[in-house]
């Protein structure tokens with residue numbers, strides 16, 4: 023069975039790059055009738071942040087990328103572990119890693135290293151000065167006997183355990199995205215497997231966990247390509263079958279630099295907080311480096327599952343274009359009713375807007391095609407609850423002048439005053455005003471521009487007839503009176 027895993031470190035909020043990796047793993051597994059699991063790699067104790075695991079899981083669930091197995095959330099939002107291959111949190115698996123590290127030591131596949139941080143810095147500095155590849159010089163492998171190493175370990179001396187990489191030949195593997203990848207073994211460093219605090223590094227833990235959790239396909243970022251020879255060597259040492267590897271390209275900023283947590287709001291929870299729809303973000307992220315072919319761009323998660331093919335994932339980096347994300351979100355917003363938006367956007371509405379649901383839904387219907395996300399909604403509809411302050415110059419259309427506006431607005435007021443309250447609607451207001459336009463021979467802009475500004479107080483807003491219907495006759499008349507006072 024196809025089994026993929028998302029194995030984040032809880033060192034911060036879930037990055038959109040992490041969401042893409044999890045999404046591709048999820049899509050690949052589901053497309054092939056397999057399982058997708060979440061495992062938490064929390065062995066970097068210094069960088070682990072409180073609440074990190076909860077944020078990662080909450081962000082995945084919000085996006086609809088829900089694991090079949092591993093670390094999950096229950097109905098109360100509490101973290102649980104589900105499955106036959108647990109624990110799924112690495113800090114709860116330390117005995118397993120230690121046991122396998124001892125196997126490597128006993129079989130001469132790894133060795134104890136007692137070098138201090140100062141010595142390692144000196145080695146690196148010397149190698150850089152002499153323009154040589156950086157890496158450990160194997161001092162402890164060649165100068166410390168097994169007996170001495172055991173004695174020093176027993177005495178409690180600080181040490182790490184390093185993998186003994188072969189120095190001859192090459193390591194080759196077939197990457198589902200990049201084809202055949204080749205590394206010269208002599209250029210691969212003797213990686214630390216167990217740190218001085220007794221915790222494993224990523225390299226040992228990931229191999230052990232992927233094997234025992236029966237992961238068939240390792241789909242991860244391209245930054246791990248150079249580590250793959252070390253992982254393959256560990257599989258060989260243990261006599262285990264290799265998984266299939268696929269390395270995803272980086273996400274890039276518009277200047278082609280790596281999209282990092284230090285360059286703006288790139289966490290999934292930030293987009294959630296800013297009012298983006300999860301469906302839109304998932305659709306957008308899916309297209310960062312993958313395309314099913316054809317012109318179509320809008321796909322539900324279920325449709326993405328049916329279409330997804332790792333063979334169509336690009337090798338080159340994908341540019342994270344916020345304008346494109348906004349386009350996706352607007353497309354999804356267009357397909358929501360005012361009722362649905364009112365329900366989904368509650369967290370972004372003011373108390374007044376929430377207390378008057380019928381009016382707010384009418385307002386939302388006017389604005390939903392104009393906003394990019396929910397965080398803009400409250401501000402975009404605010405003018406219908408409170409007229410903004412504006413200057414009289416805004417009432418003047420670009421092809422008109424002050425005198426024309428002073429002449430036309432009173433006529434509009436008179437025409438609207440003749441409409442009965444019970445008959446007031448977009449259609450009736452439009453018919454009345456446009457009859458006046460035709461009768462007087464006015465240009466549409468000469469009439470509609472000052473009317474729209476008088477009703478909205480804004481340079482950009484929905485049309486005047488739509489606004490008038492939502493405001494009602496009394497408020498519409500009052501706002502026209504205010505505009506006339508500005509022109510006096």
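In the numbering used here, the protein residues as written are 23 to 510.
We put the beta carbon where it would ideally sit given N, CA and C, even for glycine.
All values derive from a computational prediction rather than experimental measurement.
Discussion item. So, for residue 304: in the same chain, excluding its five sequence neighbours on each side, which residues have a beta-carbon less than 7 Å away from its beta-carbon?
Written reply: 45, 85, 86 and 323
Practice prompt. Specify, as a first and last residue, the run of the beta strand (DSSP E) that residue 202 falls within.
Written response: 201–206
Worksheet entry | Whole-angstrom distance between residue 325 and residue 199, CA atom to CA atom | 22 Å
Item to complete: Throw me the rounded Cβ distance for the residue 389 and residue 484 pair, which I believe falls under 8 Å.
Response: With 8 Å as the limit, residue 389 and residue 484 qualify as a contact, their Cβ atoms being about 7 Å apart.
Discussion item. According to DSSP, simplified to helix, strand and coil, what is residue 377?
Written reply: helix
Worksheet item: Can you tell me where the beta strand (DSSP E) with residue 192 in it begins and where it stops?
Response: 192–197
Worksheet item: Which class does residue 389 belong to by DSSP, given the choice of helix, strand or coil?
Response: helix
Worksheet item: Apart from the five residues on each side of it in sequence, which residues of its chain come closer than 7 Å, Cβ to Cβ, to residue 391?
Response: 356
Fill in: Proximity below 8 Å, CB of residue 273 to CB of residue 161
no
Worksheet item: Whole-angstrom Cβ separation of residue 307 and residue 38, contact assumed at under 8 Å?
Response: About 6 Å; that satisfies the 8 Å criterion.
Item to complete: Could you please give the first and the last residue of the uninterrupted beta strand (DSSP E) stretch that includes residue 134?
Response: 132–135
Discussion item. Pull the bridge partners of residue 185 from the DSSP assignment, please.
Written reply: 132
Worksheet item: So, helix, strand or coil for residue 94, using DSSP?
Response: strand
Worksheet item: Taking the DSSP output, what are the residues bridged to residue 222?
Response: Residue pairing of residue 222 in beta bridges, as defined by DSSP: 216.
Worksheet item: Quick one, which of 459, 149 and 321 has its alpha-carbon nearest residue 49's?
Response: Answer by Cα proximity: 321.
Discussion item. What would DSSP say about residue 270, mapped onto helix, strand or coil?
Written reply: strand
Worksheet item: Which word fits residue 488, buried or exposed, when buried means at least 16 other C-beta atoms lie within 10 angstroms of its C-beta?
Response: So residue 488 counts as buried.
Practice prompt. Pull up the DSSP beta-bridge partners for residue 333, would you.
Written response: Partner(s): none; residue 333 has no beta bridge.
Practice prompt. For the beta strand (DSSP E) holding residue 57, just list the boundary residues, first then last.
Written response: 57–60
Worksheet item: Which stretch, first to last residue, makes up the beta strand (DSSP E) that contains residue 103?
Response: 101–104
Worksheet item: What number of angstroms, rounded off, separates the C-alpha of residue 26 from the C-alpha of residue 402?
Response: 43 Å
Worksheet item: Between the region 399–414 and the region 443–454, do at least 3 Cβ pairs fall closer than 8 Å?
Response: no
Practice prompt. State the start and end residues of the unbroken beta strand (DSSP E) segment that holds residue 69.
Written response: Counting along the chain, residue 69 falls outside any beta strand (DSSP E), and DSSP gives it neither H nor E.
Worksheet item: In the structure shown, what three-state DSSP assignment does residue 285 receive?
Response: Annotation note: pLDDT 49 at residue 285 (below 50); position unreliable, no value reported.
Practice prompt. Can you tell me which of the three DSSP states residue 419 falls into?
Written response: coil
Practice prompt. Give the DSSP bridge partners of residue 340, in chain order.
Written response: 273
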